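Note sheet for the following structure.
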Amino acid sequence: YVSTSDLSWEPIVDSWLLKRLDLGSGRAQEVDVLRPLFDRWLKEPPPDGGPALDFFDWSVRYLKKVMEINDATQVVNIL
698 YVSTSDLSWE
708 PIVDSWLLKR
718 LDLGSGRAQE
728 VDVLRPLFDR
738 WLKEPPPDGG
748 PALDFFDWSV
758 RYLKKVMEIN
768 DATQVVNIL
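FYI, in this note's numbering the residues of the sequence shown are 698 to 776.
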């Protein structure tokens, strides 16, 4: 068992992005676009993230206490 405080969400995202590259040659550009977005939104969400972030914070995240790694896991499952 490895604690999420030791590992964080980045290895999950990195692994998922590497799998995207295995799907085909056109995926490299997709990975180049997605990686900075993960960094931008999951490392530190912007202070004015708009309605989507507000909904996530107030309607989803605070209903039940979850680990931060769940944010990354949910995003890669949706994509």
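Glycine is no exception: its CB is placed at the ideal position from the N, C-alpha and C atoms. Fair warning: this is a prediction, and the values are worked out from it, not measured in the lab.
Nearest CA to the CA of residue i: which residue from the options?
{"i": "residue 772", "options": "704, 711 and 703", "result": "711"}
{"i": "residue 729", "options": "770, 718 and 707", "result": "718"}
{"i": "residue 714", "options": "770, 731, 737 and 775", "result": "731"}
Looking at residue j and residue i, is the spacing between their C-beta atoms short of 8 Å?
{"i": "residue 768", "j": "residue 739", "result": "yes"}
{"i": "residue 709", "j": "residue 775", "result": "no"}
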